[in-house]
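Inspection log for the structure reproduced underneath, given as structure tokens.
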Amino acid sequence: MFLSDQPEDFPHVPFNDLEAMEDALRGRDVAAVIMETIPATYGFPLPEPGYLRGVKALCERYDALYIADEVQTGLMRTGELWAITKDGIEPDIMVTGKGISGGMYPIACVLVNERSAGWLTEDGFGHISTFGGAELGCIAALKSLEICSRPETRSMVHYIADFIGQRLRDIQCTYPDWFTGIRQNGVIFGLEFNDPQGAKLVMRHLYENGVWAIFSTLDPQVLQFKPGILMKPELAEELLDRTEVAIGKACHEAMGANRGRR
Numbered sequence: 001m002f003l004s005d006q007p008e009d010f011p012h013v014p015f016n017d018l019e020a021m022e023d024a025l026r027g028r029d030v031a032a033v034i035m036e037t038i039p040a041t042y043g044f045p046l047p048e049p050g051y052l053r054g055v056k057a058l059c060e061r062y063d064a065l066y067i068a069d070e071v072q073t074g075l076m077r078t079g080e081l082w083a084i085t086k087d088g089i090e091p092d093i094m095v096t097g098k099g100i101s102g103g104m105y106p107i108a109c110v111l112v113n114e115r116s117a118g119w120l121t122e123d124g125f126g127h128i129s130t131f132g133g134a135e136l137g138c139i140a141a142l143k144s145l146e147i148c149s150r151p152e153t154r155s156m157v158h159y160i161a162d163f164i165g166q167r168l169r170d171i172q173c174t175y176p177d178w179f180t181g182i183r184q185n186g187v188i189f190g191l192e193f194n195d196p197q198g199a200k201l202v203m204r205h206l207y208e209n210g211v212w213a214i215f216s217t218l219d220p221q222v223l224q225f226k227p228g229i230l231m232k233p234e235l236a237e238e239l240l241d242r243t244e245v246a247i248g249k250a251c252h253e254a255m256g257a258n259r260g261r262r
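Taking full-length UniProt numbering, I'd label the letters of the sequence shown as residues 1 to 262.
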């Protein structure tokens with residue numbers, strides 16, 4: 001939450017803890033709460049039912065803006081254009097980037113409502129953006145949004161999410177003591193492993209097998225696994241075959257290391 005320009009003045013609130021959120025807001029002049037809809041670096045923990053709506057209600061009660069970071073969760077990855085709309089929430093500010101251009105051109109976007117954008121009528125150039133003036137980026141972004149908004153894209157996301165989710169659960173049944181959990185919302189997956197650094201090990205074997213996925217910085221036992229939303233079924237099948245091999249190799253390596261410590 002933003003209280004000043006000093007890092008030590010930014011309170012950190014545990015995800016899914018509304019009581020802690022209210023404690024942080026109460027009695028302070030807080031400008032905004034900024035939060036990833038599904039926090040990537042924490043391993044994609046899923047918001048509990050009602051949590052995001054509760055945060056929005058607290059922001060309104062204490063007159064703070066709600067800033068939704070949708071860089072990793074937006075653009076149809078959850079089966080909706082923006083993940084936060086699944087909870088029926090309209091944030092005051094929403095941030096998107098990276099995939100917004102389809103990988104064609106560097107661009108990021110900030111979407112604002114009337115409440116949060118009032119200052120622009122007085123000082124529209126108070127902050128010059130990093131990617132400002134990117135005409136080509138805007139063309140790429142508009143095309144990406146058009147593709148993401150197609151009904152067939154939504155249908156494909158749901159199909160791929162169901163297909164990959166089921167295959168991952170099948171792999172989990174093969175290695176239940178190693179591959180311990182799956183967090184899923186659409187094609188956003190957090191894969192949990194039974195080792196504090198387990199995702200790093202799986203990541204290495206995936207990379208060696210031609211698959212790029214990254215461990216979660218703040219919870220390295222969870223792997224961030226984000227297949228493309230336009231992935232064809234045959235490519236998804238190949239992805240899961242390679243993933244199963246990598247998870248199996250990581251499991252055997254971890255078991256061997258554990259035996260060596262005894």
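Even for Gly, the Cβ is constructed at its ideal location relative to N, Cα and C.
These figures come from a predicted structure and were not determined experimentally.
Requested in this report: Leaving aside the five residues before and after K86 along the sequence, list all residues of the same chain whose C-beta is less than 7 Å from its C-beta, in chain order.
Outcome: In the sequence shown, residue 86 corresponds to position 86, counting from 1. By the criterion of a C-beta distance shorter than 7 Å, K86 is surrounded in its chain by T78 and E80, once the five residues flanking it on both sides are discounted.
Report task. Could you check how far apart the C-beta atoms of I89 and L52 are, in whole angstroms? I think they sit under 8 Å. Result -> Residue mapping note: residue 89 aligns to position 89 of the sequence shown, counting from 1. Residue mapping note: residue 52 aligns to position 52 of the sequence shown, counting from 1. Your pair I89 and L52 checks out as a contact, with CB atoms roughly 6 Å apart and the cut at 8 Å.
Query raised in the report: Measuring CA to CA, which of G198, L111 and H252 is closest to L174?
Result: On the sequence shown, position 174 is the one that residue 174 refers to. A small correction: the amino acid at residue 174 is Thr; Leu does not occupy that position in the sequence shown. The candidate whose alpha carbon is nearest that of T174 is H252.
**Report entry** Coarse secondary structure for F15, derived from DSSP in three states
**Finding:** Against the sequence shown, residue 15 aligns to sequence position 15. In the structure shown, F15 sits in coil (DSSP, three-state: anything other than H, G, I, E or B).
Query raised in the report: Within 8 Å (strictly less), CB to CB, does A57 reach chain B?
Result: Within the model displayed, chain B is absent; a lone protein chain is all it includes.
Query raised in the report: What do you reckon, are the CB atoms on S116 and A140 nearer than 8 Å?
Result: As a position in the sequence shown, residue 116 is number 116, starting the count at 1. As a position in the sequence shown, residue 140 is number 140, starting the count at 1. Between S116 and A140, the gap from beta carbon to beta carbon reaches 8 Å or more.
Query raised in the report: V112 and Y62: beta carbons closer than 8 Å?
Result: One-based indexing of the sequence shown puts residue 112 at position 112. One-based indexing of the sequence shown puts residue 62 at position 62. Taking a C-beta distance under 8 Å as the contact criterion, V112 and Y62 do not qualify as a contact pair.
**Report entry** Endpoints, alpha helix (DSSP H) assigned at R183
**Finding:** Residue 183 sits at position 183 when you count from the first residue of the sequence shown. First-last for R183: F179 to N185, but that is the beta strand (DSSP E), not the alpha helix (DSSP H).
Report task. Output yes or no for whether 8 Å exceeds the beta carbon distance between I171 and I247. Result -> Here residue 171 refers to the residue found at position 171 when the sequence shown is read from its first residue. Here residue 247 refers to the residue found at position 247 when the sequence shown is read from its first residue. Going by C-beta atoms, I171 is nearer than 8 Å to I247.
Requested in this report: Can you grab the Cα-Cα spacing for the pair V157 / F215, in whole Å?
Outcome: If you number the sequence shown from 1, residue 157 lands on position 157. If you number the sequence shown from 1, residue 215 lands on position 215. Distance from the CA atom of V157 to the CA atom of F215, rounded to whole angstroms, is 23 Å.
Query - Sequence-distant residues of its chain with Cβ nearer than 8 Å to T217 (five each side left out) - result: Reading the sequence shown from its first residue, position 217 is the one you call residue 217. Cβ within range, chain order: T41.
Report task. Report yes if the C-beta distance between F193 and Q221 is below 8 Å; otherwise report no. Result -> The sequence position of residue 193 within the sequence shown is 193, counting from 1. The sequence position of residue 221 within the sequence shown is 221, counting from 1. Cβ atoms of F193 and Q221: closer than 8 Å.
Query raised in the report: Between which two residues does the beta strand (DSSP E) carrying Q197 extend?
Result: Your numbering for residue 197 matches position 197 in the sequence shown. Here Q197 belongs to no beta strand (DSSP E), and DSSP marks it neither H nor E.
Query raised in the report: With a Cβ-Cβ cutoff of 8 Å, do V95 and D69 count as a contact?
Result: Residue mapping note: residue 95 aligns to position 95 of the sequence shown, counting from 1. Residue mapping note: residue 69 aligns to position 69 of the sequence shown, counting from 1. In this structure, D69 lies closer than 8 Å to V95 by Cβ.
Query raised in the report: Can you tell me the Cα-Cα spacing of K98 and P106, whole angstroms?
Result: For the purposes of this step, residue 98 is taken as the residue at position 98 of the sequence shown. For the purposes of this step, residue 106 is taken as the residue at position 106 of the sequence shown. Going by the C-alpha atoms only, they are around 7 Å apart.
Query raised in the report: Where does S116 fall in DSSP's three states?
Result: To locate residue 116, count along the sequence shown from 1; it is residue 116. If DSSP states are grouped into helix, strand and coil, S116 belongs with the helices.
Requested in this report: Please report the residue range of the beta strand (DSSP E) in which residue 286 lies.
Outcome: No answer is possible for residue 286: the residues shown for the chain start at 1 and end at 262.
Query raised in the report: Who pairs with G190 in a beta bridge, going by DSSP?
Result: Start at 1 with the first residue of the sequence shown, and residue 190 comes out as number 190. Checking the DSSP bridge columns, you'll see G190 partnered with R183 and Q224.
Report task. Pick out whichever of P151, D241 and A108 has its Cα sitting closest to the Cα of V211. Result -> One-based indexing of the sequence shown puts residue 211 at position 211. Cα-wise, what sits closest to V211 is D241.
Query - Length at least 4, wholly inside the stretch 128-153: the alpha helix (DSSP H) runs in chain order - result: Counting whole runs of 4 or more residues, the stretch 128-153 contains the alpha helix (DSSP H) stretches 135-148.
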